[in-house]
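Novice: If you count the sequence shown from 1, you need to add 1476 to reach my numbering.
All residues carry an ideal CB built from backbone N, CA and C; glycine is no exception.
Attaching a single structure in structure tokens format; questions to follow.
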Amino acid sequence: MNIGEIGLLGEKRCVSYLKWHGYEIVEQNFQSRFGEIDIIARKKELLIFVEVKTRDEKSIAEPKEFVTYSKQAKIIRTAEIFLMKNHLDCQVRFDVMEVYVSNKKVDKINHIINAFSVG
């Protein structure tokens, strides 16, 4: 599998995981000039912006380590654009989902709730 295929597999599995756990998927791969948000979900009155990081078993770093402060800032700015574009004023949360893949299969999903925040 190439990097794009691994990433797509991870995102698909995360969507299934979130739905299974009672989240409504609002949008996927929302883009702005600042970046992209992989998954936007809702649970009750909370809007959740999710960054998915998928790595195979050969990776030397944990997936969450790739969500740098710079990446967090881009996600936050993109989330602000989404909220403005959709005229939303609600509570938000930023999650990271780590997906571990081996032999073209997802071994584990680690959902890091409230992984980072604004400010």
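Going straight from the alpha carbon of Q1504 to that of I1516, what length do you get?
Specialist: Counting from 1 along the sequence shown, the entry for residue 1504 is found at position 28. Counting from 1 along the sequence shown, the entry for residue 1516 is found at position 40. Each residue's Cα considered, the two are about 6 Å apart.
Novice: What do you get for T1480, buried or exposed, if any count of 16 or more other CB atoms within 10 angstroms of its CB means buried?
Specialist: The residue given as residue 1480 occupies position 4 in the sequence shown. It is worth fixing the name first, because residue 1480 is Gly in this sequence and not Thr. Exposed.
Novice: Considering only C-alpha positions, which residue in the set Q1567, V1543, E1527 is nearest to R1518?
Specialist: By 1-based counting over the sequence shown, the position of residue 1518 is 42. Ranked by Cα distance from R1518, the first of Q1567, V1543, E1527 is Q1567.
Novice: Quick one: what's got a C-beta closer than 6 Å to I1557's C-beta in the same chain, skipping five residues either side?
Specialist: Working through the sequence shown from its first residue, we reach residue 1557 at position 81. S1508, listed in sequence order.
Novice: With a threshold of 7 Å between beta carbons, is Y1493 in contact with chain B?
Specialist: Absence of chain B from the displayed structure is noted, only one protein chain being present.
Novice: Can we count E1574 as close to the ligand FAD, meaning its CB is less than 6 Å from some heavy atom?
Specialist: Of ligands this structure carries none, so the ligand FAD is not represented either.
Novice: What's the gap between the Cα of K1520 and the Cα of H1497?
Specialist: Walking along the sequence shown from the start, residue 1520 turns up at place 44. Walking along the sequence shown from the start, residue 1497 turns up at place 21. Approximately 12 Å between the Cα atoms of the pair.
Novice: Quick check: K1540 and G1511, are their CB atoms within less than 7 Å of each other?
Specialist: Mapped onto the sequence shown, residue 1540 falls at position 64. Mapped onto the sequence shown, residue 1511 falls at position 35. No. Outside cutoff.
Novice: What are the complete alpha helix (DSSP H) segments, minimum 4 residues, inside the region 1514 to 1542?
Specialist: none
Novice: In three-state terms, what does DSSP make of K1550?
Specialist: On the sequence shown, residue 1550 is found 74 positions in, with the first residue counted as 1. It is helical.
Novice: Mind checking who K1581 pairs with in its DSSP beta bridge?
Specialist: Position 105 of the sequence shown, counted from the first residue, corresponds to residue 1581. DSSP output for K1581 lists S1578 as bridge partner(s).
Novice: Which term fits L1522, buried or exposed, when burial requires 16 or more other beta carbons within 10 angstroms of its beta carbon?
Specialist: Position 46 of the sequence shown, counted from the first residue, corresponds to residue 1522. It counts as exposed.
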